[in-house]
Structures are given as C-alpha cells and as structure tokens.
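Encoded as structure tokens, the structure appears first; notes follow it.
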Amino acid sequence: MSLLKTIKPGEATGDVKSVYTEMIERTGQVPKPVELASVSPFFFQTLIKTIAYYSGHPNLNFPLLVLIRMLSSKTCSNTICFNFNRQVLKKQGLNDAEIDKILKDPKAAELSEKDEAILLFVLKAVNDPDIVDQNDINELHNFGWSDADIYDAVTTGVNMFALNKMMRIFKM
Numbered sequence: 087m088s089l090l091k092t093i094k095p096g097e098a099t100g101d102v103k104s105v106y107t108e109m110i111e112r113t114g115q116v117p118k119p120v121e122l123a124s125v126s127p128f129f130f131q132t133l134i135k136t137i138a139y140y141s142g143h144p145n146l147n148f149p150l151l152v153l154i155r156m157l158s159s160k161t162c163s164n165t166i167c168f169n170f171n172r173q174v175l176k177k178q179g180l181n182d183a184e185i186d187k188i189l190k191d192p193k194a195a196e197l198s199e200k201d202e203a204i205l206l207f208v209l210k211a212v213n214d215p216d217i218v219d220q221n222d223i224n225e226l227h228n229f230g231w232s233d234a235d236i237y238d239a240v241t242t243g244v245n246m247f248a249l250n251k252m253m254r255i256f257k258m
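As structure tokens, this is what we get:
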C-alpha cells in the first residue's frame, strides 16, 4: 500500500479517468508510476505529456522504447517496470523464451543495426556512464541518430532508475 494517497483506477474522475481508461485499453492496466504520479496534478500531466511525446516520436519506435525500458529496469532492479514492459513485449507477440534470450543478450532482439546501436548505447550509458565518450556519440551519428534522439533514448533508460526510487520511497 502506498504511503501517499494515489488515485486508484476505480476512483478516477475527469482527466485522470480518461488517461487511466486509455492505459487500460492499451496495456491492460494502469502502470504503477502513472498511478503514483496521480498524487501531483503537475507531475501527472508532465508524465502524460512525456508518454504522448514518446508515443509519437519520429525516430524511436515503440518496440525499441519497450526494450530500453525493460532492460534498463532490469539493471536497476525495478521489478514493477520490468514486469510491465515484459508483459508489453508478450502482447507484441514475443514469448517467454524469446524475452529471456533478449535479457541474456540484447542483440537477440533482432533489431535493425541502427536500433541495436542505440539500444546497446543506452544500456552502456545507464550501466557505466563514466565510460561513455565522444566515439560512442559519433558512432550513433553515423547511424543517423540525432543528438535529440540520443538524449531521448538515454532519458528513457535513466527514467527507470528514477521511477524505481520513487516507487520504493512511497511503497508502491
């Protein structure tokens, strides 16, 4: 039980209810970080705008973002986000064996060379930020990734760490 009074799906009204309804339709549930953000109207709207931004991202596609979130969540032991994103991959048609293979070796995701490059970079960045250097960025540029794309992808991975802390602090 959360230390803060969140808006539960059955109690939601207005904008929160519409967002929850859409989340349930798309994913089968209201993600715990979304429910936690419901305690703050400002941060709830910020989170929803962030989700909308990534939903329409011109270069980072949905399957890639799910992989970034799942693999980054694994790194920081964010079990709630890890399990949620694993379920999303299953809804996309992957089975447990395929997902387990990706967890052992992200290259098993069978992404394009370009998408694989940014996925591996994000994992490198969240696991050991001090070893990231200009050569990494240059390589991503060579694949056609812009600085904004790189920033957005890394932000997706890093957010799993922040969400993990918030959910642990408030006992979600």
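Every letter in the sequence shown is one number past the one before it in this note's numbering, and letter 7, counting from 1, is 93.
The beta-carbon is built from N, C-alpha and C at its ideal position, and this holds for glycine as well.
| Buried or exposed by the 16-neighbour rule on C-beta atoms within 10 Å, applied to threonine 165 | Exposed, since its Cβ has fewer than 16 Cβ neighbours within 10 Å.
| Which runs of the alpha helix (DSSP H) spanning at least 4 residues fall entirely within the stretch 145–185, listed in chain order? | 148–161, 165–177
| Residue of Lys91, Glu121, Asn228 minimising C-alpha distance to cysteine 167 | Glu121
| Cβ of leucine 151 within 8 Å of Cβ of threonine 242? | yes
| query | Quick check: the stretch 228–237 against the stretch 202–217, are there 3 or more CB pairs under 8 Å? | reply | yes
| What are the boundary residues of the alpha helix (DSSP H) that includes proline 119? | 118–123
| N- and C-terminal bounds of the alpha helix (DSSP H) containing histidine 143 | Careful: histidine 143 lies outside any alpha helix (DSSP H) and carries neither H nor E.
| query | If you run the structure through DSSP and keep just helix, strand and coil, what is serine 126? | reply | coil
| query | proline 144: buried (16+ other C-beta within 10 angstroms of its C-beta) or exposed? | reply | exposed
| message | Measuring only the C-alpha atoms, how far is tyrosine 140 from methionine 246? | response | 15 Å
| query | Taking 8 Å as the CB-CB cut-off, is proline 117 touching chain B? | reply | No chain B appears in the structure shown, which is made up of a single protein chain.
| In whole angstroms, what is the alpha-carbon distance linking lysine 190 and alanine 98? | 39 Å
| field | Start-to-end residues for the alpha helix (DSSP H) that takes in methionine 253 | value | 233–255
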